[in-house]
Amino acid sequence: MKTILLDLDGTLIQTTEIILDTFKETLDKFFPHLELKDEELTNLLGQTLYKTFGFYTDDQDEVDKIVEHYRLISNQKIENGLKAYPGAVETLKYLKSKNCTIGIVTSKMRKVALYHLELTGLIDYIDGLIGYEDVIHHKPNPEPVEKALELFNADKKTTVYVGDHENDIIAAKKAGISSCAVTYSHRLKACLNEQPEFVIDELTNLKDFV
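So this is what it looks like as C-alpha cells:
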C-alpha cells in the first residue's frame with residue numbers, strides 16, 4: 001500500500017468513550033425521557049452530529065442548539081486528556097519512512113480534526129485531511145474517500161481506508177479501494193458484516209501493509 005487513509009475518532013485517537021459520554025449527557029439534557037440501550041447509543045457513532053440529533057427533532061434551531069451544547073461538553077472533556085491509540089506515532093513515523101502518503105477522512109469539522117491531531121502529536125505525519133465541510137454527502141457515501149483519492153492523486157489499487165465503523169468499510173468499498181477494520185471498535189460486528197479486506201488488532205499492524 002502506498003496511500004493509507006484513516007478515520008479519526010475511534011481509529012487513530014481515543015475519542016469514542018468521550019463521544020459516547022457526551023451523547024449521554026446531551027440526550028439527558030434535551031430528551032430526559034429518552035432511554036437508549038448501549039447498542040442504540042453506539043448506533044449514533046460514525047455520523048454527523050446534525051444527522052444524529054436530527055433523528056430526535058425536526059426543529060433545525062433546536063438541532064443547532066443541541067449540537068452547540070454537545071461540542072461545549074465534548075471540548076471540555078477533550079481538553080482534559082485526549083490521547084492517540086497505542087502505537088499511533090510509531091506507526092505513522094514508520095509509514096512516512098516508507099514514503100507512504102497518510103490522509104485523514106473524517107466526518108468531524110476540519111478545524112476540530114486538525115486541533116485533535118495537534119493535541120495528540122500526530123499532525124506532523126498527516127499529508128492531508130478531508131473533513132465535514134469538504135463534502136456534500138458523508139459516509140457511508142463514498143464522496144469523502146473519493147475526495148481523498150483526488151487530493152492525493154492516489155492509485156485505488158494501492159490505497160486502503162482504515163476505520164472503526166461500518167460506514168468506513170462501506171464507503172471504502174463503494175470508492176473501489178481496500179478497507180480495513182480495527183478490532184478495538186465498538187462496532188466490530190457491524191464492521192465485519194461488511195467483509196473488510198483487512199482486520200487489525202492494533203495500529204502497528206499497519207506496518208505489514210507496506
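Residues in the sequence shown are numbered from 1 upward in steps of one, following the UniProt record's numbering. Where is the CB? At the ideal position from N, CA and C, for every residue including glycine. Note that the structure is predicted; figures quoted are calculated from it, not measured.
**Prompt:** Can you name, in chain order, every residue of its own chain whose Cβ lies under 7 Å from the Cβ of D201, other than the five neighbours on each side?
**Reply:** Along the sequence shown, one-based indexing puts residue 201 at 201. Close CB contacts of D201 within its chain, under the 7 Å cut and outside five residues either way in sequence, are with T183 (chain order).
**Asked** What beta strand (DSSP E) runs, 3 residues minimum, are completely inside the region 104 to 140?
**Response** Listed in chain order, they are 128 to 130.
**Message:** At the level of alpha carbons, what is the spacing between L151 and P32?
**Reply:** Taking the first residue of the sequence shown as position 1, residue 151 is located at position 151. Taking the first residue of the sequence shown as position 1, residue 32 is located at position 32. Looking at the two C-alpha atoms, the distance is approximately 43 Å.
**Asked** Nearest CA to the CA of V210: which residue from T57, G46, K93?
**Response** Numbered from its first residue, the sequence shown carries residue 210 at position 210. Comparing Cα-Cα distances from V210 to each of T57, G46, K93, the minimum goes to K93.
**Prompt:** Quick one: what does DSSP say G54 is sitting in, helix, strand or coil?
**Reply:** Counting from one through the sequence shown, the residue named residue 54 turns up at place 54. Helix.
**Request:** Assign I177 to one of three DSSP states: helix, strand, or coil.
**Result:** As a working note, residue 177 is residue 177 in the sequence shown. In the structure shown, I177 sits in coil (DSSP, three-state: anything other than H, G, I, E or B).
**Request:** In angstroms with no decimal places, state the Cα-to-Cα distance between D58 and A84.
**Result:** Counting from 1 along the sequence shown, the entry for residue 58 is found at position 58. Counting from 1 along the sequence shown, the entry for residue 84 is found at position 84. Those two C-alpha atoms are separated by around 36 Å.
**Asked** Is it true that the CB of R187 sits closer than 8 Å to the CB of D164?
**Response** Here residue 164 corresponds to residue number 164 of the sequence shown, with the count starting at 1. Here residue 187 corresponds to residue number 187 of the sequence shown, with the count starting at 1. A Cβ-Cβ contact shorter than 8 Å links D164 with R187.
**Prompt:** Counting pairs of Cβ atoms below 8 Å between the region 28 to 45 and the region 137 to 155, do you hit three or more?
**Reply:** As far as the Cβ criterion goes, the region 28 to 45 does not touch the region 137 to 155, which means the pair count is below three.
**Item:** Span separating the alpha-carbon of T158 from that of E118
**Value:** Taking the first residue of the sequence shown as position 1, residue 158 is located at position 158. Taking the first residue of the sequence shown as position 1, residue 118 is located at position 118. Rounded to whole angstroms, T158 to E118 spans 27 Å at the Cα level.
**Request:** Indicate whether the contact test is met: 3 or more Cβ pairs, each with one atom in the region 65 to 83 and one in the region 17 to 24, closer than 8 Å.
**Result:** As far as the Cβ criterion goes, the region 65 to 83 touches the region 17 to 24, which means the pair count is three or higher.
**Asked** Considering only the beta carbon of each residue, do residue 220 and K189 sit closer than 8 Å?
**Response** Because the chain spans 1 through 210 in this model, residue 220 falls outside it and cannot be assessed.
**Asked** Mapping DSSP to helix, strand and coil, what is L27?
**Response** Residue 27 sits at position 27 when you count from the first residue of the sequence shown. Note: L27 maps to helix in three-state DSSP.
**Message:** Looking at chain C, is there any beta carbon in it that lies within less than 8 Å of the beta carbon of P196?
**Reply:** Although the question refers to chain C, the structure presented lacks it and comprises just one protein chain.
**Asked** Looking only at DSSP bridge pairs, what is D9 linked to?
**Response** Here residue 9 is taken as the residue at index 9 of the sequence shown, counted from 1. Partner residues in the beta bridge of D9, as assigned by DSSP, are I13.
**Item:** Buried or exposed by the 16-neighbour rule on C-beta atoms within 10 Å, applied to D7
**Value:** Residue numbering aside, residue 7 sits at position 7 when the sequence shown is read from its first letter. Taking all protein chains in view, the Cβ of D7 is crowded by 16 or more other Cβ atoms within 10 Å, so the residue is classified as buried.
**Asked** What span of residues does the beta strand (DSSP E) with T159 cover, start to end?
**Response** Along the sequence shown, one-based indexing puts residue 159 at 159. Note, T159: beta strand (DSSP E), 159 to 163.
**Prompt:** Given G10, which residues of its chain have a CB within under 6 Å of its CB, disregarding the five upstream and five downstream residues?
**Reply:** Working through the sequence shown from its first residue, we reach residue 10 at position 10. Setting aside the 5 residues that flank it on each side, G10 is surrounded in the same chain by T16, D164, each with a C-beta closer than 6 Å to its C-beta; the list follows chain order.
**Prompt:** By DSSP, does T48 sit in helix, in strand, or in coil?
**Reply:** Counting from one through the sequence shown, the residue named residue 48 turns up at place 48. Coil at T48, not helix or strand.
**Prompt:** Does the Cβ of H116 have 16 or more other Cβ atoms within 10 Å, making it buried, or fewer, making it exposed?
**Reply:** As a position in the sequence shown, residue 116 is number 116, starting the count at 1. Buried, since its Cβ has 16 or more Cβ neighbours within 10 Å.
**Asked** V89 by DSSP, collapsed to three states: which one?
**Response** The count along the sequence shown starts at 1 and reaches residue 89 at position 89. When DSSP states are grouped into helix, strand and coil, V89 belongs to the helix group.
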